[in-house]
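10 is the number of the first residue of the sequence shown in the working numbering; add one for each residue after it.
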Amino acid sequence: MEKAVFAGGCFWGVEAIFQELDGVVDTTVGYTGGRTENPTYKDICYKDTGHAEAIEIVYEPDKISYEELLTYFWRLHDPTTLNRQGPDRGSQYRSAVFYYSPEQKTAAEKVKVEAQKKWSKPIVTEITAGKVFYPAEVYHQDYFKKQGGHHTGCHYLRD
Numbered sequence: 010m011e012k013a014v015f016a017g018g019c020f021w022g023v024e025a026i027f028q029e030l031d032g033v034v035d036t037t038v039g040y041t042g043g044r045t046e047n048p049t050y051k052d053i054c055y056k057d058t059g060h061a062e063a064i065e066i067v068y069e070p071d072k073i074s075y076e077e078l079l080t081y082f083w084r085l086h087d088p089t090t091l092n093r094q095g096p097d098r099g100s101q102y103r104s105a106v107f108y109y110s111p112e113q114k115t116a117a118e119k120v121k122v123e124a125q126k127k128w129s130k131p132i133v134t135e136i137t138a139g140k141v142f143y144p145a146e147v148y149h150q151d152y153f154k155k156q157g158g159h160h161t162g163c164h165y166l167r168d
């Protein structure tokens with residue numbers, strides 16, 4: 010098993026899409042990329058913690074590769090909007106790839122170049138070294154499964 014950590018706006022919609030992929034074993038939504046230890050949802054919304062809403066994905070690399078996960082990541086949100094996805098605004102909604110090895114960094118940079126060909130505006134996704142990932146509160150986990158499977162309008166797979 011390996012892990013990937015991405016931020017692409019509100020983590021509910023990002024999680025819902027990744028949960029449907031063959032080879033994804035587990036997902037956890039949470040916070041990463043900031044300065045505060047053990048942040049809460051309220052902290053990241055109302056304080057300057059520097060954290061992003063993110064998803065940690067545990068996957069089987071023999072069923073789905075890190076590069077394939079990256080391709081889905083750049084398809085499921087608009088990576089050209091700075092600190093925003095749909096109606097959600099703020100640095101906690103930024104687009105970011107958090108890498109945990111030199112291989113992940115190289116793959117992210119490579120797949121970003123390919124993804125850019127599909128967008129007319131520049132991709133603003135950060136590719137940055139992974140930090141501690143703090144799981145979000147229980148009520149955020151599997152949010153759309155608990156709500157009957159309804160997704161947000163800004164998270165869907167683009168061609």
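Each residue gets a CB set at the ideal place from its N, CA and C atoms; glycine is no exception.
DSSP places Thr80 inside the alpha helix (DSSP H), whose first and last residues are Tyr75 to Leu85. Within the segment 96-122, the runs of beta strand (DSSP E) that reach at least 3 residues and sit entirely inside it are, in chain order, 104-108.
The three-state reading of DSSP puts Phe142 in coil, since its state is none of H, G, I, E or B. Distances from the CA of Thr37 to each of Gly157, Gly22, Leu166 and Pro70 were compared; the closest alpha carbon is that of Gly22. Inter-residue distance for Glu69 and Thr134 is about 25 Å (C-alpha atoms, whole angstroms). DSSP places Lys56 outside both helix and strand once states are collapsed to three, so it counts as coil. Per DSSP, reduced to three states, the secondary structure at Lys51 is helical.
Rounded to the nearest angstrom, the gap between the Cα atoms of Pro131 and Glu11 is 29 Å. Beta bridge pairing from DSSP links Tyr68 with Glu11 and Val33. By the CB criterion at 8 Å, Ala138 and Tyr165 fall outside the cutoff.
Around the beta carbon of Val106, a 10 Å sphere encloses 16 or more other beta carbons of the protein chains shown; the residue is thus reported as buried.
Pairing Gln101 with His149 gives a Cβ-Cβ distance that is not under 8 Å.
The beta carbon of Lys114 is closer than 6 Å to those of Tyr108 in its chain, skipping five residues each way along the sequence. Here Ala13 has Ile66, Tyr68, Tyr75 and Leu78 as same chain residues with Cβ atoms under 7 Å from its own Cβ, once five neighbours each way along the sequence are excluded.
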